[in-house]
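Trainee: Sharing a structure with you now.
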(Lines of atoms letter the chains of each structure in order from A and count residues from 1; the text may use other names and numbers.)
(Lines give C-alpha, C1' and ligand atoms only; values in the text may rest on other atoms or scores of the structure.)
Protein backbone atom coordinates (compact mmCIF):
# COMPACT_ATOMS: atom_id res chain seq x y z
CA UNK A 1 0.00 0.00 0.00
CA UNK A 2 1.34 3.41 -0.97
CA UNK A 3 2.33 5.62 1.97
CA UNK A 4 3.39 9.24 1.79
CA UNK A 5 4.87 11.73 4.20
CA UNK A 6 3.36 15.19 4.62
CA UNK A 7 6.35 16.82 2.93
CA UNK A 8 6.31 14.52 -0.12
CA UNK A 9 5.40 15.92 -3.48
CA UNK A 10 1.99 15.03 -4.84
CA UNK A 11 2.10 11.86 -6.94
CA UNK A 12 -0.01 11.16 -10.01
CA UNK A 13 0.02 11.69 -13.73
CA UNK A 14 0.56 15.17 -15.17
CA UNK A 15 -0.43 16.77 -18.46
CA UNK A 16 2.74 18.00 -20.15
CA UNK A 17 1.44 17.72 -23.70
CA UNK A 18 -2.27 18.66 -23.86
CA UNK A 19 -2.64 17.23 -27.36
CA UNK A 20 -1.48 13.78 -26.20
CA UNK A 21 -1.54 13.45 -22.41
CA UNK A 22 -4.99 15.01 -21.91
CA UNK A 23 -6.46 12.87 -24.66
CA UNK A 24 -5.00 9.72 -23.10
CA UNK A 25 -6.43 10.59 -19.69
CA UNK A 26 -9.87 11.12 -21.20
CA UNK A 27 -9.69 7.84 -23.10
CA UNK A 28 -8.78 5.91 -19.95
CA UNK A 29 -11.49 7.57 -17.87
CA UNK A 30 -14.26 6.97 -20.35
CA UNK A 31 -13.31 3.28 -20.19
CA UNK A 32 -14.03 3.35 -16.45
CA UNK A 33 -10.58 4.08 -14.98
CA UNK A 34 -10.81 6.28 -11.88
CA UNK A 35 -8.40 9.23 -11.95
CA UNK A 36 -8.97 12.08 -9.51
CA UNK A 37 -7.76 15.54 -10.65
CA UNK A 38 -6.24 17.28 -7.62
CA UNK A 39 -5.12 20.90 -7.35
CA UNK A 40 -3.08 21.52 -4.18
CA UNK A 41 -4.45 24.19 -1.86
CA UNK A 42 -1.63 25.37 0.36
CA UNK A 43 0.43 22.60 1.93
CA UNK A 44 -2.34 20.66 3.64
CA UNK A 45 -5.46 20.77 1.46
CA UNK A 46 -6.57 19.99 -2.06
CA UNK A 47 -9.41 20.48 -4.52
CA UNK A 48 -10.69 17.55 -6.57
CA UNK A 49 -12.51 19.15 -9.49
CA UNK A 50 -15.20 17.55 -11.63
CA UNK A 51 -16.30 18.95 -15.03
CA UNK A 52 -19.71 20.66 -14.89
CA UNK A 53 -19.54 20.89 -11.08
CA UNK A 54 -18.68 24.56 -10.85
CA UNK A 55 -15.12 23.85 -11.90
CA UNK A 56 -14.76 27.05 -13.96
CA UNK A 57 -15.34 29.14 -10.84
CA UNK A 58 -13.21 26.91 -8.62
CA UNK A 59 -10.31 26.84 -11.06
CA UNK A 60 -10.41 30.62 -11.45
CA UNK A 61 -10.20 31.04 -7.68
CA UNK A 62 -7.37 28.53 -7.42
CA UNK A 63 -5.45 30.27 -10.21
CA UNK A 64 -5.81 33.58 -8.40
CA UNK A 65 -4.04 31.96 -5.44
CA UNK A 66 -1.15 31.36 -7.84
CA UNK A 67 -1.13 35.00 -8.95
CA UNK A 68 -2.79 34.48 -12.34
CA UNK A 69 -4.58 37.38 -14.03
CA UNK A 70 -7.94 35.77 -14.74
CA UNK A 71 -9.29 38.96 -16.32
CA UNK A 72 -6.92 39.12 -19.26
CA UNK A 73 -8.56 38.67 -22.68
CA UNK A 74 -8.89 35.08 -23.79
CA UNK A 75 -8.02 33.65 -20.39
CA UNK A 76 -9.11 30.00 -20.10
CA UNK A 77 -9.12 28.59 -16.55
CA UNK A 78 -9.40 25.02 -17.80
CA UNK A 79 -6.21 24.96 -19.86
CA UNK A 80 -4.41 27.12 -17.30
CA UNK A 81 -5.21 24.71 -14.44
CA UNK A 82 -4.71 21.53 -16.45
CA UNK A 83 -0.91 21.58 -16.34
CA UNK A 84 -0.97 22.02 -12.54
CA UNK A 85 -3.43 19.18 -11.95
CA UNK A 86 -2.24 15.87 -10.45
CA UNK A 87 -4.27 12.90 -11.69
CA UNK A 88 -4.31 10.32 -8.89
CA UNK A 89 -5.43 6.72 -8.99
CA UNK A 90 -7.50 5.49 -6.00
CA UNK A 91 -4.44 4.26 -4.08
CA UNK A 92 -2.64 7.58 -4.57
CA UNK A 93 -5.76 9.50 -3.57
CA UNK A 94 -6.01 7.57 -0.29
CA UNK A 95 -2.33 8.19 0.45
CA UNK A 96 -2.62 11.92 -0.27
CA UNK A 97 -5.76 12.20 1.89
CA UNK A 98 -3.71 11.18 4.95
CA UNK A 99 -1.96 14.56 4.83
CA UNK A 100 -4.31 16.83 2.90
CA UNK A 101 -7.91 17.83 3.59
CA UNK A 102 -9.55 17.12 0.24
CA UNK A 103 -12.75 18.82 -0.85
CA UNK A 104 -14.95 18.24 -3.90
CA UNK A 105 -18.26 19.44 -5.28
CA UNK A 106 -20.95 16.84 -5.98
CA UNK A 107 -23.86 17.52 -8.32
CA UNK A 108 -27.13 15.78 -9.03
CA UNK A 109 -26.17 13.54 -11.99
CA UNK A 110 -29.17 14.45 -14.13
CA UNK A 111 -28.65 18.18 -13.53
CA UNK A 112 -25.01 17.69 -14.49
CA UNK A 113 -26.02 15.88 -17.70
CA UNK A 114 -28.39 18.70 -18.68
CA UNK A 115 -25.67 21.26 -17.99
CA UNK A 116 -23.33 19.31 -20.27
CA UNK A 117 -26.06 19.35 -22.92
CA UNK A 118 -26.42 23.13 -22.69
CA UNK A 119 -22.74 23.72 -23.27
CA UNK A 120 -21.61 20.78 -25.42
CA UNK A 121 -24.53 18.93 -27.02
CA UNK A 122 -24.24 21.00 -30.22
CA UNK A 123 -20.85 19.31 -30.75
CA UNK A 124 -22.78 16.16 -31.70
CA UNK A 125 -24.26 17.83 -34.80
CA UNK A 126 -22.82 17.07 -38.23
CA UNK A 127 -21.68 20.63 -38.94
CA UNK A 128 -19.83 20.95 -35.63
CA UNK A 129 -18.13 17.60 -36.09
CA UNK A 130 -17.05 18.37 -39.63
CA UNK A 131 -15.69 21.75 -38.55
CA UNK A 132 -13.64 20.15 -35.78
CA UNK A 133 -12.29 17.46 -38.10
CA UNK A 134 -11.30 20.08 -40.70
CA UNK A 135 -9.55 22.24 -38.10
CA UNK A 136 -7.42 19.28 -37.03
CA UNK A 137 -6.75 17.87 -40.51
CA UNK A 138 -3.76 19.18 -42.49
CA UNK A 139 -5.31 18.47 -45.89
CA UNK A 140 -8.29 16.93 -47.66
CA UNK A 141 -6.84 13.45 -47.42
CA UNK A 142 -6.44 13.81 -43.66
CA UNK A 143 -10.00 15.04 -43.35
CA UNK A 144 -11.33 12.16 -45.44
CA UNK A 145 -9.47 9.62 -43.31
CA UNK A 146 -10.69 11.20 -40.05
CA UNK A 147 -14.25 11.32 -41.34
CA UNK A 148 -14.09 7.67 -42.41
CA UNK A 149 -12.81 6.70 -38.96
CA UNK A 150 -15.62 8.60 -37.21
CA UNK A 151 -18.29 7.19 -39.50
CA UNK A 152 -17.12 3.65 -38.79
CA UNK A 153 -16.85 4.33 -35.06
CA UNK A 154 -20.36 5.78 -34.88
CA UNK A 155 -21.82 2.97 -36.95
CA UNK A 156 -20.15 0.41 -34.71
CA UNK A 157 -21.91 1.90 -31.68
CA UNK A 158 -25.24 2.43 -33.42
CA UNK A 159 -25.24 6.24 -33.34
CA UNK A 160 -24.95 9.00 -35.93
CA UNK A 161 -24.42 12.75 -35.82
CA UNK A 162 -27.50 14.96 -35.69
CA UNK A 163 -28.71 17.38 -38.34
CA UNK A 164 -27.60 20.96 -37.80
CA UNK A 165 -31.22 22.09 -37.57
CA UNK A 166 -32.31 19.30 -35.21
CA UNK A 167 -34.47 20.21 -32.21
CA UNK A 168 -32.09 20.40 -29.21
CA UNK A 169 -34.75 18.92 -26.91
CA UNK A 170 -35.13 15.88 -29.17
CA UNK A 171 -31.36 15.50 -29.39
CA UNK A 172 -30.96 15.67 -25.61
CA UNK A 173 -33.55 12.95 -25.09
CA UNK A 174 -32.09 10.71 -27.79
CA UNK A 175 -28.59 11.08 -26.37
CA UNK A 176 -29.81 10.26 -22.85
CA UNK A 177 -31.12 6.95 -24.15
CA UNK A 178 -27.74 6.12 -25.77
CA UNK A 179 -25.34 7.88 -23.42
CA UNK A 180 -22.82 5.02 -23.07
CA UNK A 181 -22.57 4.80 -26.87
CA UNK A 182 -22.02 8.54 -27.24
CA UNK A 183 -19.40 8.56 -24.50
CA UNK A 184 -17.54 5.83 -26.36
CA UNK A 185 -17.66 7.80 -29.62
CA UNK A 186 -16.96 11.42 -28.76
CA UNK A 187 -13.99 12.34 -26.61
CA UNK A 188 -14.86 16.03 -26.18
CA UNK A 189 -18.31 15.08 -24.93
CA UNK A 190 -17.24 12.20 -22.70
CA UNK A 191 -15.43 13.92 -19.85
CA UNK A 192 -18.47 16.14 -19.25
CA UNK A 193 -20.83 13.19 -18.97
CA UNK A 194 -18.91 10.22 -17.57
CA UNK A 195 -19.91 9.44 -13.97
CA UNK A 196 -18.58 11.69 -11.22
CA UNK A 197 -17.08 8.70 -9.41
CA UNK A 198 -14.58 8.39 -12.28
CA UNK A 199 -13.20 11.69 -10.95
CA UNK A 200 -13.98 11.35 -7.25
CA UNK A 201 -12.90 7.74 -6.81
CA UNK A 202 -15.04 5.24 -4.98
CA UNK A 203 -14.25 6.00 -1.33
CA UNK A 204 -15.79 9.15 0.22
CA UNK A 205 -13.57 8.71 3.29
CA UNK A 206 -10.72 10.23 1.27
CA UNK A 207 -12.44 13.60 1.62
CA UNK A 208 -12.59 16.14 4.41
CA UNK A 209 -15.93 17.23 2.98
CA UNK A 210 -18.02 16.89 -0.15
CA UNK A 211 -20.22 19.88 -0.87
CA UNK A 212 -23.25 20.48 -3.03
CA UNK A 213 -23.33 22.99 -5.87
CA UNK A 214 -25.23 25.46 -3.67
CA UNK A 215 -22.25 25.56 -1.28
CA UNK A 216 -19.62 26.72 -3.77
CA UNK A 217 -19.95 30.35 -2.67
CA UNK A 218 -19.44 29.38 0.97
CA UNK A 219 -16.33 27.38 0.09
CA UNK A 220 -14.83 30.15 -2.02
CA UNK A 221 -15.59 32.76 0.65
CA UNK A 222 -13.87 30.53 3.21
CA UNK A 223 -10.78 30.29 1.00
CA UNK A 224 -10.76 34.06 0.47
CA UNK A 225 -10.94 34.71 4.21
CA UNK A 226 -8.29 32.10 5.04
CA UNK A 227 -5.87 33.38 2.38
CA UNK A 228 -6.39 37.07 3.07
CA UNK A 229 -6.39 37.70 -0.68
CA UNK A 230 -8.78 39.91 -2.62
CA UNK A 231 -10.33 37.39 -4.98
CA UNK A 232 -12.59 37.99 -7.96
CA UNK A 233 -15.63 35.98 -6.95
CA UNK A 234 -17.80 36.89 -9.94
CA UNK A 235 -20.03 33.87 -10.72
CA UNK A 236 -19.23 32.11 -13.97
CA UNK A 237 -22.45 30.96 -15.62
CA UNK A 238 -21.52 30.44 -19.25
CA UNK A 239 -24.89 29.13 -20.41
CA UNK A 240 -26.90 32.08 -19.12
CA UNK A 241 -24.92 34.50 -21.28
CA UNK A 242 -26.15 32.96 -24.54
CA UNK A 243 -29.48 31.36 -23.76
CA UNK A 244 -31.52 34.22 -25.24
CA UNK A 245 -30.41 33.55 -28.83
CA UNK A 246 -29.19 29.95 -28.63
CA UNK A 247 -31.70 27.12 -28.31
CA UNK A 248 -28.99 24.70 -27.22
CA UNK A 249 -28.29 26.93 -24.21
CA UNK A 250 -31.92 26.83 -23.07
CA UNK A 251 -32.16 23.11 -22.35
CA UNK A 252 -33.71 22.24 -18.99
CA UNK A 253 -34.23 19.14 -16.90
CA UNK A 254 -38.01 19.22 -17.24
CA UNK A 255 -37.63 18.70 -21.00
CA UNK A 256 -36.34 15.17 -20.42
CA UNK A 257 -38.82 12.38 -21.05
CA UNK A 258 -39.62 9.78 -18.39
CA UNK A 259 -37.69 7.22 -20.43
CA UNK A 260 -34.65 9.49 -20.64
CA UNK A 261 -34.67 10.14 -16.89
CA UNK A 262 -34.94 6.41 -16.16
CA UNK A 263 -31.99 5.72 -18.48
CA UNK A 264 -29.89 8.42 -16.80
CA UNK A 265 -30.75 7.19 -13.30
CA UNK A 266 -29.63 3.72 -14.31
CA UNK A 267 -26.42 4.98 -15.93
CA UNK A 268 -25.53 7.18 -12.95
CA UNK A 269 -26.48 4.63 -10.26
CA UNK A 270 -22.87 4.60 -9.06
CA UNK A 271 -22.91 8.36 -8.50
CA UNK A 272 -26.11 8.14 -6.48
CA UNK A 273 -24.69 5.31 -4.37
CA UNK A 274 -21.53 7.37 -3.77
CA UNK A 275 -23.61 10.28 -2.50
CA UNK A 276 -25.55 8.07 -0.11
CA UNK A 277 -22.32 6.55 1.21
CA UNK A 278 -20.72 9.99 1.54
CA UNK A 279 -23.62 11.26 3.62
CA UNK A 280 -23.30 8.24 5.92
CA UNK A 281 -19.53 8.49 6.31
CA UNK A 282 -18.98 12.24 6.32
CA UNK A 283 -22.17 13.42 7.97
CA UNK A 284 -23.73 16.76 7.12
CA UNK A 285 -21.95 18.74 4.41
CA UNK A 286 -19.92 21.54 5.91
CA UNK A 287 -17.70 24.15 4.28
CA UNK A 288 -14.11 22.97 4.56
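Numbering (this note's numbering), first residue to last: 889 to 1176. Just so you know, even glycine gets a beta-carbon here, dropped at the ideal spot from N, CA and C.
Looking at the unbroken beta strand (DSSP E) that takes in residue 1057, where does it start and where does it end?
Mentor: Run containing residue 1057: none in the beta strand (DSSP E); it sits in the alpha helix (DSSP H), 1056 to 1065.
Trainee: With DSSP run on the structure shown, which of helix, strand or coil describes residue 901?
Mentor: In this structure, residue 901 counts as strand in the three-state DSSP scheme.
Trainee: Per DSSP, residue 1050 is paired with what?
Mentor: BP columns for residue 1050 point to 1013.
Trainee: Which partner residues does residue 928 have in the DSSP bridge list?
Mentor: Looking at the DSSP assignment, residue 928 forms a beta bridge with 934.
Trainee: Below 8 Å, can you find three or more Cβ-Cβ pairs linking the stretch 1065 to 1085 to the stretch 1038 to 1054?
Mentor: Yes, they touch.
Trainee: Out of 1009, 992 and 957, point me to the one whose CA is closest to residue 1078's CA.
Mentor: When each option's Cα is compared against that of residue 1078, the closest is 1009.
Trainee: Taking C-beta to C-beta, are residue 936 and residue 990 nearer than 8 Å?
Mentor: Yes, they are a contact pair.
Trainee: Report the rounded CA-to-CA distance for residue 945 versus residue 1170, giving the unit in angstroms.
Mentor: Spanning the two alpha carbons is a distance of roughly 24 Å.
Trainee: In angstroms with no decimal places, state the Cα-to-Cα distance between residue 1005 and residue 1146.
Mentor: So the alpha carbons of these two residues sit roughly 17 Å apart.
Trainee: So what does DSSP say about residue 1082, is it helix, strand or coil?
Mentor: Reduced to three states, the DSSP call for residue 1082 is coil.
Trainee: From 1136, 1111 and 995, pick the residue whose C-alpha is nearest to that of residue 1052; which is it?
Mentor: When each option's Cα is compared against that of residue 1052, the closest is 1136.
Trainee: Please list, in chain order, all residues of the same chain as residue 899 whose beta carbon is under 8 Å from its beta carbon, the five residues on each side excluded.
Mentor: Counting only Cβ-Cβ distances below 8 Å, and skipping sequence neighbours, we find 890, 892, 974, 976, 980, 983 and 984.
Trainee: Check residue 1100 in the structure and name its three-state DSSP category.
Mentor: Strand, per DSSP.
Trainee: Over the uninterrupted beta strand (DSSP E) stretch that includes residue 975, give me the two end residues.
Mentor: Here the beta strand (DSSP E) through residue 975 covers 974 to 976.
Trainee: Just verifying my parser: in three-state terms, what is the DSSP assignment at residue 921?
Mentor: Looking at residue 921 - three-state DSSP - the assignment turns out to be coil, as it is neither helix nor strand.
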